[in-house]
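**Q** Going by full-length UniProt numbering, the sequence shown opens with residue 1, and the numbers climb by one from there. My questions will all concern the structure given below.
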Amino acid sequence: MVQFNDIVSPDALAARLTINGKKQLFQKIAALAADAYGLDAAIVAEALFDRERLGSTGFGGGVAIPHAKIPGLARMCALVILADPAMPFDAVDEAPVDIIFALLSPVDSGAEHLKTLARVSRYLRDDHNVARLRGASSAEALYALLAGSGTRDAA
1 MVQFNDIVSP
11 DALAARLTIN
21 GKKQLFQKIA
31 ALAADAYGLD
41 AAIVAEALFD
51 RERLGSTGFG
61 GGVAIPHAKI
71 PGLARMCALV
81 ILADPAMPFD
91 AVDEAPVDII
101 FALLSPVDSG
111 AEHLKTLARV
121 SRYLRDDHNV
131 ARLRGASSAE
141 ALYALLAGSG
151 TRDAA
């Protein structure tokens with residue numbers, strides 16, 4: 001069973017970023033993915049845009065889980081960004097988003113992608129987890145929360 005500390009690199013996190021829309025967000029996620037995981041930023045950004053065109057990945061409560069399958073990716077990878085201030089995202093509740101948990105999966109991941117997406121969703125539906133993430137003031141603090149034992153149990 002995949003744990004958050006298995007899919008999140010300390011270099012794949014950013015806190016307190018000012019982001020002006022989905023285009024800038026997906027470019028930032030792609031740049032983090034290039035730095036943290038050695039992925040091609042253009043491919044990651046395009047895959048996230050393609051998925052988002054199918055429907056918003058903002059699921060409410062100020063949280064979004066953009067996700068995409070990336071050709072050539074060997075394992076699941078995650079990136080987390082805290083936006084400050086919250087940004088418009090076309091979420092189901094029309095609320096702006098400040099927690100973005102991006103999930104990148106291999107093209108052939110199938111059930112593993114869906115199971116991990118469900119685990120991330122469950123974790124982010126817990127008000128206590130969301131409050132703790134919102135309280136993180138740095139990438140290091142975010143990593144400590146995500147890599148901690150409470151995260152593994154909650155996910």
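Beta carbons are placed, not taken as given, at the ideal position from N, Cα and C, and that holds for glycine.
Could you name each continuous alpha helix (DSSP H) segment of 4 residues or more that falls completely within the UniProt domain "PTS EIIA type-2" (6-149), going from the start of the chain to the end?
**A** Those alpha helix (DSSP H) runs which fall completely within the UniProt domain "PTS EIIA type-2" (6-149) and span 4+ residues are 22-37, 41-53, 111-125, 127-134, 139-147.
**Q** Quick check on residue 144: buried or exposed, where buried means 16 or more other Cβ atoms within 10 Å of its Cβ?
**A** Your numbering for residue 144 matches position 144 in the sequence shown. That one is exposed.
**Q** Would the beta-carbon of residue 68 fall within 7 Å of that of residue 36?
**A** Numbered from its first residue, the sequence shown carries residue 68 at position 68. Numbered from its first residue, the sequence shown carries residue 36 at position 36. It is not a contact, given that the beta carbons lie outside the stated cut-off.
**Q** If you draw a straight line from the C-alpha of residue 130 to the C-alpha of residue 71, how long is it?
**A** Working through the sequence shown from its first residue, we reach residue 130 at position 130. Working through the sequence shown from its first residue, we reach residue 71 at position 71. Taking the straight line joining both Cα atoms gives about 31 Å.
**Q** If you draw a straight line from the alpha carbon of residue 136 to that of residue 112, how long is it in whole angstroms?
**A** One-based indexing of the sequence shown puts residue 136 at position 136. One-based indexing of the sequence shown puts residue 112 at position 112. In a straight line, the C-alpha of residue 136 is about 28 Å away from that of residue 112.
**Q** Return helix, strand or coil for residue 3, following the three-state DSSP convention.
**A** Stepping through the sequence shown from its first residue, residue 3 is reached at position 3. If DSSP states are grouped into helix, strand and coil, residue 3 belongs with coil.
**Q** Could you check if residue 63 is buried or exposed, using at least 16 other CB atoms within 10 Å of its CB as the buried criterion?
**A** Start at 1 with the first residue of the sequence shown, and residue 63 comes out as number 63. Under this definition residue 63 is a buried residue.
**Q** I'd like to check one pair, residue 60 with residue 84: are the Cβ atoms closer than 7 Å?
**A** Walking along the sequence shown from the start, residue 84 turns up at place 84. Walking along the sequence shown from the start, residue 60 turns up at place 60. Not a contact, by the Cβ cut-off of 7 Å.
**Q** Taking the Cβ atom as the reference point for each residue, do residue 27 and residue 45 lie within a distance shorter than 7 Å?
**A** In the sequence shown, residue 27 corresponds to position 27, counting from 1. In the sequence shown, residue 45 corresponds to position 45, counting from 1. It is a contact, given that the beta carbons lie within the stated cut-off.
**Q** Give a yes or no on whether 7 Å exceeds the smallest Cβ distance from residue 135 to chain C.
**A** Note that chain C does not occur in the displayed structure, where there is just one protein chain.
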